[in-house]
Amino acid sequence: MSDLQDVGQKIKKCFKWDRSPHSPHEFQFDAIIKAQLLRKDVLVHARRHWSGEDIHPFIAAGPHAHESAKGKVTFMVTLLIALQEEQVKTFQEKYKREATAVNSSHGGCTKEVIADICQGKW
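Letter by letter, the sequence shown follows residues 1083 to 1204 of my numbering.
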């Protein structure tokens, strides 16, 4: 995909990253974001914070700045329910993306939740 050459700029523009401390490293664009857009499985072991920001939502939200990700769903697995709630809030407020936490606090993974995910509600 030749249109991935400027994916970093698209992400910065989409999420209004204009300060260098909030800019992801080039390897993060290449290994994480581009791989996801190329429909490759990506396993990332990322530290909790980088430059004062939580990197996990960036990893999941980043590809959605690219037009080829329109209508696609990303699943992010996080073990701690409190962290899941924080990440949902981050997706909604910072990345302006719909998100939900599927866990025991919200009734678990029900048929209705799966249907909503498949219909693109989140």
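Glycine included, every Cβ here is placed at the ideal spot set by N, Cα and C.
DSSP state of residue i mapped onto helix, strand, coil
{"i": "V1184", "result": "coil"}
{"i": "G1189", "result": "coil"}
{"i": "K1154", "result": "coil"}
{"i": "F1097", "result": "coil"}
{"i": "D1085", "result": "helix"}
{"i": "Q1201", "result": "coil"}
{"i": "H1148", "result": "coil"}
Spatial distance of residue i from residue j (CA atoms)
{"i": "K1171", "j": "A1117", "result": "25 Å"}
{"i": "E1167", "j": "A1183", "result": "6 Å"}
{"i": "K1092", "j": "L1120", "result": "16 Å"}
{"i": "F1157", "j": "K1203", "result": "13 Å"}
{"i": "C1096", "j": "E1149", "result": "11 Å"}
{"i": "F1173", "j": "F1140", "result": "9 Å"}
{"i": "Q1201", "j": "D1085", "result": "27 Å"}
Beta-carbon separation (whole angstroms), residue i vs residue j, contact threshold 8 Å
{"i": "V1089", "j": "I1114", "result": "Not quite, the Cβ-Cβ distance comes to about 11 Å (not below 8 Å), so this is no contact."}
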